[in-house]
Amino acid sequence: MKRYLFPVLQIIVVLGVILSFYSISWLGDSYRFRAEPFDPFSPVYGEYVMLQYPDLKPEDSVKKGLVYVTFTTDADGYAKIDRISNERFFGSVAGDYYDQYVTIPQLTQYYVEQGTGKGYEDAKKLEVKADVSPWGTVRATELLVRK
Amino acid sequence: MARLTKLMEWQQAGLIDAETINRIKDYETHRQKKNRVPLLLIVGLTFVGLALLSFLAANWQAIPALIKIGLVLVLMVSCYVLADLSERRTIWNPVAFRILGIIAFAGALIVTVQSFHMSMQGSFIGWAVFLAALGHFFTWRHPAYAILAFIAGLNIFTGVGGFGSEQATFLDWTSIVFLALVSLAWFYFSQSFPSLILSWLFLYLVGLELFALVSYDGVLWPIWTLFVLVPLLLVVKEEAHRQVLYHLYLVVAAINSLIYLTVRAETTDSSIPWGEAIALVVFTIGIGYLVYRKFQPLLWILPLGLFGLLWFDEQAILIAALVEILAFVYLIERERQGSRLTIPFLYFIAVQLTIYFIYAWNRLDMSLFFLVGAVLVFLIAGILWWIRKRREGGVTS
């Protein structure tokens, strides 16, 4: 049955990827991130909003470049940095620290319905709901306009 | 009609007789009838396809993620079903359908990543498609899959980050080691073209990428890599394949020599530790022994081993002299052996022009620069003419 071996294997790979995304939500914690849009971007393969996170501002002791962070919730219910280090530690999420904020690659772009990107960019105050798994992966689940 | 005219021509020339022509005509008309697909069916299917696509495109945003992914997977599976059909009935081209299947697989992964708002960074998709294409190659042994694997694999080199979401500016150790192993296996088990060349190029790229990973600011990496890859020729089973691969080594060495020459002449602040330069010479002697015993056409790449020592001359005059002598001697040697002179001659011209640009560009008045350049080109043309004259036994044209 070698003729159908590859489609079967390839379906398993895709299912594996889907499962890995869902498992972040099943096993991880949910956070709300205060977000701001920047640098409107709309390439041919789908419209998305580029996001930055004003709460993810590390203290001065952290070196620029590759950083590892975990999150906790502040008094308003939004996520903030719990622990940050230039060295990897268990359960940490990998990110980049440049300019003034920490950027988490999986949270920087959110695909939105065609034509709605401008609305989010104009709203300025946004909120992203995301799940963070115990092994340090992140999955954005919802993009909302902050009230 | 063109075929008919040609047949008539052949008949008049006395190449074939009337009976053969009749048999050919009979065969062709019969074959055409058998294979012809009704035009209306093609037009109809095209319109149905277009309608389906525009329906999907119009509703793409509203379709739930899992259904979207499912649709692309259905497309993928149907490509394989069509490939299977075309193979059993020997119609159309099964390879084309399987390639579409691999592309649909890449599409399914992209749609998945987008639907879950994951970052497109990282080399996961590149890896998945690369391995799938290689798997196809080893199952069906068709060069088209090898080329697809090469294109997908290049994405691993250019993709930022290693496996999954790990962030790194270049490939991480796991990816590099895995990539080297897969490329080696590809090289060893394929034993056919273009796979031998493509997997070799991957191994060379792995070598180049290593220096970014170990954060060692060494200039000699390309030469080390090229020499380390020489023993790889031992596992090539057919002599004819080895002959073609010699050219690959020579071309890569030639490109390297020109790049080193240009870089050394244009920079002043790059240095090499003495230890590394001497180590390279020692390694060159070792590899040189192997080359001398087993792969003599590769003796030409060995002078690259001296580049570490010659690097200490900041004006790059020593490198220029070495490259110049090499190009000239190589050209004469090839000419004496009566081999084809295209590549030696191209290399010879490239060396002359590189040296000329490096040393003359800033030092001459513009008009003089081009005047001397023109004289140089005439000189090279003169040498070519002389070589041709000699080869044709003194007959000038």
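Line by line, the protein sequences are chains A and B. Quick note on numbering: the first sequence equals residues 1 to 147 in the numbering used here. Quick note on numbering: the second sequence equals residues 1001 to 1397 in the numbering used here. Even glycine gets a Cβ: it sits at the ideal position worked out from N, Cα and C.
With a cut-off of 8 Å on the beta carbons, I'd call residue i and residue j a contact; round off their distance for me.
i	j	result
A/Leu56	A/Tyr120	A/Leu56 to A/Tyr120, Cβ: 19 Å. No contact.
B/Ile1319	B/Leu1309	Incorrect: roughly 10 Å between the Cβ atoms, too far for contact.
B/Phe1193	B/Val1244	7 Å
B/Val1251	B/Tyr1204	About 11 Å; that fails the 8 Å criterion.
B/Leu1134	A/Val14	B/Leu1134 to A/Val14, Cβ: 18 Å. No contact.
A/Lys129	A/Arg32	6 Å
A/Tyr98	A/Val62	At roughly 11 Å, the Cβ-Cβ gap does not stay under 8 Å, so A/Tyr98 and A/Val62 are not in contact.
B/Ile1176	B/Val1219	Incorrect: roughly 20 Å between the Cβ atoms, too far for contact.
B/Ile1021	B/Gln1012	Actually they do not touch by this definition, with Cβ atoms about 11 Å apart.
So who's on the other strand from residue i, going by DSSP bridges?
i	result
B/Ile1332	According to DSSP, which records beta bridges pairwise, B/Ile1332 is partnered with nothing at all.
A/Ile81	A/Phe71
A/Val132	A/Asp29 and A/Val138
B/Ala1277	The partner list for B/Ala1277 (beta bridge, DSSP) is empty, contrary to what the question assumes.
A/Leu66	A/Asp96
B/Met1366	Looking at the DSSP assignment, B/Met1366 forms no beta bridge with any residue, so it has no partner.
A/Gln109	A/Met50
A/Leu126	A/Ala35 and A/Val145
Note down the Cα distance separating residue i from residue j, rounded to an integer number of angstroms.
i	j	result
B/Val1074	B/Tyr1027	40 Å
B/Leu1346	B/Val1129	37 Å
B/Arg1340	B/Ala1057	55 Å
B/Gly1338	B/Ile1156	43 Å
B/Lys1068	B/Ala1051	17 Å
A/Glu127	B/Trp1127	33 Å
B/Leu1007	B/Pro1038	28 Å
B/Phe1137	B/Gln1114	29 Å
B/Gly1288	B/Leu1299	7 Å
B/Leu1290	B/Thr1139	35 Å
B/Ala1104	A/Phe21	20 Å
B/Leu1306	B/Tyr1249	17 Å
A/Gln10	A/Pro58	41 Å
B/Val1375	B/Trp1385	15 Å
B/Pro1273	B/Trp1186	35 Å
B/Ala1265	B/Gln1315	6 Å
B/Ala1062	A/Tyr48	15 Å
B/Trp1092	B/Ser1086	6 Å
A/Phe89	B/Ser1123	23 Å
A/Ser85	A/Ile104	14 Å
B/His1117	B/Pro1222	39 Å
B/Trp1224	B/Trp1173	19 Å
B/Gln1191	B/Leu1181	16 Å
B/Tyr1359	B/Phe1370	13 Å
B/Leu1066	B/Cys1079	20 Å
B/Gln1296	B/Ile1343	18 Å
B/Asn1256	A/Trp26	53 Å
If you reduce the DSSP assignment to three classes, tell me which class residue i lands in.
i	result
B/Gly1162	The pLDDT assigned to B/Gly1162 is 40, lower than 50, so where the model puts this residue is not dependable; a value taken from the coordinates is nonetheless given after this. Note: B/Gly1162 maps to coil in three-state DSSP.
A/Tyr98	strand
B/Gly1286	helix
B/Ala1013	coil
A/Glu142	strand
B/Gln1167	Any reading at B/Gln1167 is ruled out, since the residue's pLDDT is 41, under 50, leaving its predicted position unreliable.
A/Lys147	coil
B/Gln1191	coil
B/Glu1324	helix
A/Glu87	coil
A/Thr103	strand
B/Arg1141	coil
B/Val1377	helix
B/Val1113	helix
B/Phe1295	coil
A/Leu56	coil
B/Lys1237	coil
B/Leu1341	coil
A/Ser61	coil
B/Val1219	coil
B/Thr1267	coil
B/Ser1123	coil
B/Trp1311	coil
B/Ala1254	helix
B/Trp1300	helix
B/Ala1316	coil
B/Val1214	coil
Q | Uninterrupted alpha helix (DSSP H) stretches inside the region 1043-1107 of chain B (no shorter than 4 residues) | A | 1065-1088
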